[in-house]
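> One structure follows; several queries about it will come next.
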Amino acid sequence: MTPATNFDFLTGNWVIANRRLKDYKGPEWDEFAGSAKVWPAMDGMASIEELRGASGKLLGMGVRVLHQQTGLWADHWTSAAYGVINPPMMGSFKDGVAIFESEDVDTDNKSIKVRGIWDQITDKSCRWQQLTSRDAGANWIPNWIMNWTRVSESP
């Protein structure tokens, strides 16, 4: 698989089981359904995702773009609530797993590392999870897990 085809697995329509930590300080999780439509752009060098809640309300958009010079992917997120493109998480695929990382600030205005992982990739499903580290990457705590299931196309 060449870098320009790395996100081909994500093209299509999906239902998503979301599990998101309510607050990084506590153990309570929100669980909710969602959906996504993903399509390729720029001959596979980009992947665009519209993420929706169970009601169909637009939650945001992911845009992934391959940096040709480095072979790294830039994974950008834009929340529908704010309309601001976040700085990208940068990463690549190795052995069927994609790992992306970035620096961020938590709700207490403290520096954290953020990691996004695409794994468990099959023709019909995949998983994305986000983890954070408050100790420079020594320990990672998951705060959002999305289990994606491909929607079958009607004959």
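The sequence shown begins at 166 in my numbering and counts up by one.
Don't be surprised by glycine CBs; every beta carbon is placed ideally from N, CA and C.
Considering Cα atoms alone, identify which of GLY227, TRP309, PHE258 and ARG299 is closest to ILE286.
Counting from 1 along the sequence shown, the entry for residue 286 is found at position 121. Per the Cα distances, PHE258.
> Nearest to THR314 by CA position, among PRO168, ASN183, ASN171 and THR170, is which residue?
Counting from one through the sequence shown, the residue named residue 314 turns up at place 149. Closest by alpha carbon: ASN183.
> Rank GLY177, PRO192, TRP204 and TRP242 by C-alpha distance to the C-alpha of SER267 and give the top, closest one.
The sequence position of residue 267 within the sequence shown is 102, counting from 1. For the residues GLY177, PRO192, TRP204 and TRP242, the minimum Cα distance to SER267 belongs to TRP242.
> Helix or strand or just coil, what does DSSP make of PRO253?
Counting from 1 along the sequence shown, the entry for residue 253 is found at position 88. Note: PRO253 maps to coil in three-state DSSP.
> For ARG185 versus TRP309, is the C-beta distance shorter than 7 angstroms?
If you number the sequence shown from 1, residue 185 lands on position 20. If you number the sequence shown from 1, residue 309 lands on position 144. Closer than 7 angstroms, so yes.
> Per DSSP, what kind of secondary structure is THR314 in: helix, strand or coil?
Within the sequence shown, the letter at position 149 stands for residue 314. It is a strand residue.
> Helix, strand or coil, according to DSSP, for THR170 in the structure here?
Taking the first residue of the sequence shown as position 1, residue 170 is located at position 5. Note: THR170 maps to helix in three-state DSSP.
> Check this for me: beta carbons of ILE264 and GLY256, under 7 angstroms apart or not?
As a working mapping, residue 264 is identified with position 99 in the sequence shown. As a working mapping, residue 256 is identified with position 91 in the sequence shown. Their beta carbons are under 7 angstroms apart, which means ILE264 touches GLY256 by this criterion.
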